[in-house]
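Visitor: Got a structure for you, written out below as structure tokens; questions coming shortly.
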Amino acid sequence: MNQSVAVLTVDGVLDTANSAALRDAVVRTILDKPSALILDVTALRVPAESAWAAFIGARWQLHPGVDVPIVLVCARRANRDAIDRSGVARLMPVYSSEKGAIRALGRRTRRSVRRADAELPANLTSLRESRRLVREWLTEWSQPALIPVALVVVNVFVENVLEHTGSVPMMRVESDGATATVAVSDGSNTPAVRLPPPEEGIDVSGLAIVDALSRAWGSAPTATGKTVWAVIGPENQL
1 MNQSVAVLTV
11 DGVLDTANSA
21 ALRDAVVRTI
31 LDKPSALILD
41 VTALRVPAES
51 AWAAFIGARW
61 QLHPGVDVPI
71 VLVCARRANR
81 DAIDRSGVAR
91 LMPVYSSEKG
101 AIRALGRRTR
111 RSVRRADAEL
121 PANLTSLRES
131 RRLVREWLTE
141 WSQPALIPVA
151 LVVVNVFVEN
161 VLEHTGSVPM
171 MRVESDGATA
181 TVAVSDGSNT
191 PAVRLPPPEE
201 GIDVSGLAIV
211 DALSRAWGSA
221 PTATGKTVWA
231 VIGPENQL
């Protein structure tokens with residue numbers, strides 16, 4: 001990697017009161033178009049693990065044409081474990097040192113990521129259209145094995161937007177050649193949360209199905225609402 005890699009060191013306490021400011025700082029740094037961004041969060045204190053989603057929120061605010069790899073550095077094992085549990089590491093890998101992150105970025109630059117976006121109508125036709133586009137994109141990207149699960153995931157996400165927010169669903173699909181990420185954004189700042197399972201019987205709620213079918217999923221706040229995302233790998237089969 002060359003010297004255009006940006007390193008942003010973050011300290012203090014991360015919570016809902018300042019997550020937007022952090023998100024904006026990350027976005028501003030990326031818009032300067034470094035070859036990659038390293039976020040050093042070693043000194044950052046995060047009382048609630050869900051607050052790590054602020055970093056993912058910054059990622060989803062970027063235009064799909066902005067292709068800047070983002071990785072985290074944290075020398076504290078406990079925080080790396082928390083980042084992993086939050087699901088953030090699935091989209092922003094975390095390393096124990098800056099040197100390790102730079103080595104990993106050198107490998108990542110040799111792997112291209114395919115992306116596509118679509119704004120969907122705020123009505124039930126979005127369900128059919130989102131499935132059509134997911135099938136079309138993943139076929140074009142030679143990822144047919146991921147299509148069945150991706151169709152289920154995008155249907156759950158779009159249906160939740162229509163049922164709970166009344167927003168226009170904004171869909172993004174990404175593939176790095178091994179996995180696919182399906183994300184749907186809306187205008188509501190209420191996070192998507194899986195409800196507690198029923199005391200008896202099987203939990204067949206939409207997000208429970210997404211949880212069972214994907215490597216990781218999450219809900220990340222953005223400047224205009226939130227993005228709900230899921231990562232699908234070859235091991236995720238119907």
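Going by our numbering, the first residue of the sequence shown is number 1, and it counts up by one from there. Glycine included, C-beta positions come from ideal geometry on N, C-alpha and C.
Rounded to a whole number of angstroms, what is the C-alpha to C-alpha distance between Asn2 and Ile102?
Guide: Note that Asn2 scores a pLDDT of 49, beneath 50, so its modelled location is shaky; the value from the coordinates is reported in the next line. Approximately 9 Å, taken between the alpha carbons.
Visitor: For Val173 versus Val134, is the C-beta distance shorter than 7 Å?
Guide: Yes, the Cβ-Cβ distance between Val173 and Val134 is below 7 Å.
Visitor: Over what stretch of residues does the alpha helix (DSSP H) that includes Val156 continue unbroken?
Guide: Val156 -> alpha helix (DSSP H) spans Ile147 to His164.
Visitor: Kindly confirm or deny that the segment 71 to 84 and the segment 48 to 60 touch, where touching means at least three C-beta pairs closer than 8 Å.
Guide: Because the criterion of three Cβ pairs below 8 Å is met, the segment 71 to 84 and the segment 48 to 60 touch.
Visitor: Where does Arg115 sit, in a helix, a strand or coil, going by DSSP?
Guide: Correct three-state label for Arg115: strand.
Visitor: Enumerate in chain order the residues of its own chain whose CB-to-CB distance from Ser86 is below 8 Å, with the five nearest sequence positions on each side excluded.
Guide: Within the same chain, Ser86 has close Cβ partners Glu49, Ser50, Trp52, Ala53 and Gly218.
Visitor: What's the C-alpha gap between Thr29 and Leu8?
Guide: For Thr29 and Leu8, the distance between alpha carbons rounds to 8 Å.
Visitor: DSSP state of Leu207, grouped into three classes?
Guide: Correct three-state label for Leu207: helix.
Visitor: Determine the contact status of Val73 and Tyr95, defining contact as a CB-CB distance below 7 Å.
Guide: Going by C-beta atoms, Val73 is nearer than 7 Å to Tyr95.
Visitor: Pick out whichever of Ser214, Val184 and Arg194 has its Cα sitting closest to the Cα of Gly57.
Guide: Of the candidates Ser214, Val184 and Arg194, the one whose C-alpha sits nearest the C-alpha of Gly57 is Val184.
Visitor: Indicate whether Arg194 and Ala216 have their beta-carbon atoms separated by less than 7 Å.
Guide: Contact: no.
Visitor: Does the structure place the segment 137 to 149 close enough to the segment 157 to 167 that three or more beta carbon pairs sit under 8 Å?
Guide: The segment 157 to 167, when compared against the segment 137 to 149, does not touch it at the 8 Å Cβ threshold.
Visitor: Please report the straight-line C-alpha distance between Val10 and Ala78, rounded to a whole angstrom.
Guide: If I take the Cα positions, the gap works out to 17 Å.
Visitor: Are the beta-carbon atoms belonging to Arg90 and Val228 less than 7 Å from one another?
Guide: Cβ atoms of Arg90 and Val228: not closer than 7 Å.
Visitor: Nearest CA to the CA of Leu44: which residue from Glu163, Ser35 and Arg76?
Guide: It is Arg76 whose Cα lies nearest to the Cα of Leu44.
Visitor: Buried or exposed for Leu238, please, with buried defined as at least 16 other CB atoms from any protein chain shown within 10 angstroms of its CB.
Guide: Exposed is the call here.
Visitor: Distance, Cα to Cα, Gly233 vs Val88?
Guide: When rounded, the distance between both Cα atoms is 16 Å.
Visitor: Evaluate Ser4 with the Cβ neighbour count: other Cβ atoms within 10 Å of its Cβ, from every protein chain shown; 16 or more gives buried, anything less gives exposed.
Guide: Label assigned to Ser4: exposed.
Visitor: To the nearest angstrom, how far is it from the Cα of Gly166 to the Cα of Ala223?
Guide: Using only the alpha carbons, I get a separation of about 18 Å.
Visitor: Between which two residues does the alpha helix (DSSP H) containing Thr181 stretch?
Guide: Thr181 -> not in any alpha helix (DSSP H); beta strand (DSSP E) instead, spanning Ala180 to Asp186.
Visitor: Using only CA atoms, which one of Thr190, Ala220 and Gln143 lies nearest to Glu235?
Guide: Of the candidates Thr190, Ala220 and Gln143, the one whose C-alpha sits nearest the C-alpha of Glu235 is Gln143.
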